[in-house]
Amino acid sequence: MTQNRNEWVQTAREVFDTEIQGLEAVRDQLDASFEKAVTLLGACTGRVVVTGLGKSGLVGRKIAATLSSTGTPSFFLHPVEGAHGDMGSIRRDDIILALSNSGRTEELNAIMPTVRALCGGIIAMTGGEDSPLARMADIVLNTRVPREACSLNLAPTASTTAALAMGDALAVCLMRYKSFTPDDFRLFHPGGSLGQRLSLKVSEIMHRENLPLADLSASLGDALRVLDEGGIGAVLFTDGDGALAGILTDGDVRRMVNRGTFDRDIPSRDVMVAGPLHGTEDQSAAELLDIMESRTITVLPVTDGRNRLLGVVHLHDLLGKGSVRFAEKDR
56 MTQNRNEWVQ TAREVFDTEI QGLEAVRDQL DASFEKAVTL LGACTGRVVV TGLGKSGLVG
116 RKIAATLSST GTPSFFLHPV EGAHGDMGSI RRDDIILALS NSGRTEELNA IMPTVRALCG
176 GIIAMTGGED SPLARMADIV LNTRVPREAC SLNLAPTAST TAALAMGDAL AVCLMRYKSF
236 TPDDFRLFHP GGSLGQRLSL KVSEIMHREN LPLADLSASL GDALRVLDEG GIGAVLFTDG
296 DGALAGILTD GDVRRMVNRG TFDRDIPSRD VMVAGPLHGT EDQSAAELLD IMESRTITVL
356 PVTDGRNRLL GVVHLHDLLG KGSVRFAEKD R
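Numbering (the working numbering), first residue to last: 56 to 386.
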């Protein structure tokens, strides 16, 4: 080996560059065929049967797993096993997603005529737009990349990365198509740490002690000191009865600075968000996650039935990311 350590790093960077270029090429190739594929898969009343051989088969297994875990029932069918009886698992309302970079994989193409007679449609994911596989498909998703990251331009590298990304794109679009929610995710991941966390009540995860509180009479400068010390990206305001009156976030301060309206001496109540969005302690973590994602916020106060402040929840508490904090966008 004549390469030194720095040259290996350079080679690795070239691999990353080639794979990024491949992803960009496939992204730019997206067209109406992708829309048709999402519509066909979204309307599927059966399962998505993913099939492919070799490296494409390995990618296909991952795509099938991702689809199943995000609300689209799916399983992987090995084309060789399919030719020896496993095609009996295909139903008329199933959709086939067939992967082959070249589109000329003989073992895969050999079962396609029978598959067509058994299923409700075929989507080909291939870099060979004019290949036999493409000609047998109802919809073709073009995953052609300029070259492989392999120095010989032979080993499936950039092409498998592109196929994997295409599968992720389908899965995410189908999640939106089906309005897949955190509650659905929890249902499909009962053993996962995120699923378990989202099943908790807000009362079990909210912060109750050392809340970043400021008086309604505080100046903006005083409120900012509380915000800075609080470490969650927000300061909360309560009235004399302990009821939630307002909130001021990192994002609110940033917008004041950008607008040129920032003044440390002005009363906080003049710039806080009055009557802010809030949750209750008997809600589930999944419900709060829905609210926070839909409103693009990361901090949510928790109140009781009389609007008295009980605690606060940060998005990272819901996702189980410990004490890491970050500022939120518009409320």
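A virtual CB, placed ideally from N, CA and C, is assigned to each residue, including glycine. This one's a predicted model, so the numbers in the text were calculated from it and none came from an experiment.
Identity of the residue in the options nearest residue i by Cα
i    : options                : result
R363 : D305, R309, D294, Q338 : D294
N156 : G366, A210, K91        : A210
I178 : T66, G137, A218        : A218
R231 : T127, I346, D320, L344 : T127
L374 : G101, P237, R361, I151 : P237
G222 : N313, Q65, M180        : M180
E74  : D86, E348, G97, T212   : T212
K117 : L152, R361, A165       : L152
G175 : C99, L344, R309, S214  : C99
L85  : Q65, L154, A67, L196   : L196
L271 : F235, S323, D149, R190 : S323
I302 : I321, G360, P331, L188 : P331
S186 : D307, L163, A289       : L163
A329 : T304, R350, V81, V368  : T304
S258 : A269, A220, N313, H369 : H369
R361 : R309, D296, E348       : D296
P356 : I166, R309, L268       : L268
L207 : R350, S349, V70, E348  : V70
DSSP state of residue i mapped onto helix, strand, coil
i    : result
A300 : strand
H262 : strand
R202 : coil
G222 : helix
P405 : Coverage of the chain is limited to positions 56 through 386, which leaves residue 405 absent and any answer about it impossible.
I166 : helix
A179 : strand
G276 : helix
P187 : helix
L373 : helix
L365 : strand
D385 : Only weak support exists for where D385 lies, its pLDDT of 39 falling under 50; the coordinates are left without a value.
A217 : helix
D270 : strand
I194 : strand
A289 : strand
V379 : Here the model assigns V379 a pLDDT of 36, short of 50, so the residue's position is not dependable and the matter cannot be decided.
L154 : strand
N61  : helix
Pairwise C-alpha distance: residue j and residue i
i    : j    : result
G183 : G140 : 28 Å
R263 : E203 : 54 Å
V104 : R199 : 22 Å
A298 : A340 : 22 Å
M311 : F317 : 5 Å
D372 : G143 : 46 Å
Q76  : R159 : 24 Å
G334 : D277 : 26 Å
I352 : S123 : 29 Å
M327 : L275 : 9 Å
K256 : I346 : 15 Å
A300 : D72  : 51 Å
A120 : R280 : 48 Å
L78  : E161 : 26 Å
V64  : T216 : 20 Å
L291 : E284 : 13 Å
G366 : L266 : 7 Å
R68  : L154 : 27 Å
R146 : G101 : 7 Å
D320 : I260 : 35 Å
D149 : D193 : 14 Å
A189 : T66  : 34 Å
D83  : A172 : 33 Å
C205 : G115 : 21 Å
E90  : V170 : 23 Å
G306 : M191 : 53 Å
A138 : T94  : 29 Å
G315 : D359 : 37 Å
L61  : I287 : It should be pointed out that residue 61 corresponds to Asn in this sequence rather than to Leu. Each residue's alpha carbon lies about 41 Å from the other.
L96  : V354 : 36 Å
S234 : L343 : 16 Å
F130 : D239 : 19 Å
S111 : A87  : 23 Å
R386 : T125 : At R386 the pLDDT is 42, less than 50, meaning the model places this residue with poor confidence and gives no usable figure here.
A273 : A289 : 15 Å
CB contact check: residue i to chain C, cutoff 8 Å
i   : result
L95 : This model lacks chain C altogether, as it is built from one protein chain only.
* Only counting runs of 3 or more residues, tell me where the beta strand (DSSP E) segments fall wholly within the segment 63-151, in order along the chain. => 103-107, 129-132
* beta strand (DSSP E) runs contained entirely in the segment 293-338, provided each spans 3 or more residues -> 299-304
* For the segment 96-110 and the segment 129-137, state whether three or more C-beta atom pairs, one from each stretch, are separated by less than 8 Å. => yes
* Does the count of Cβ pairs from the segment 329-347 and the segment 217-232 closer than 8 Å reach three? -> no
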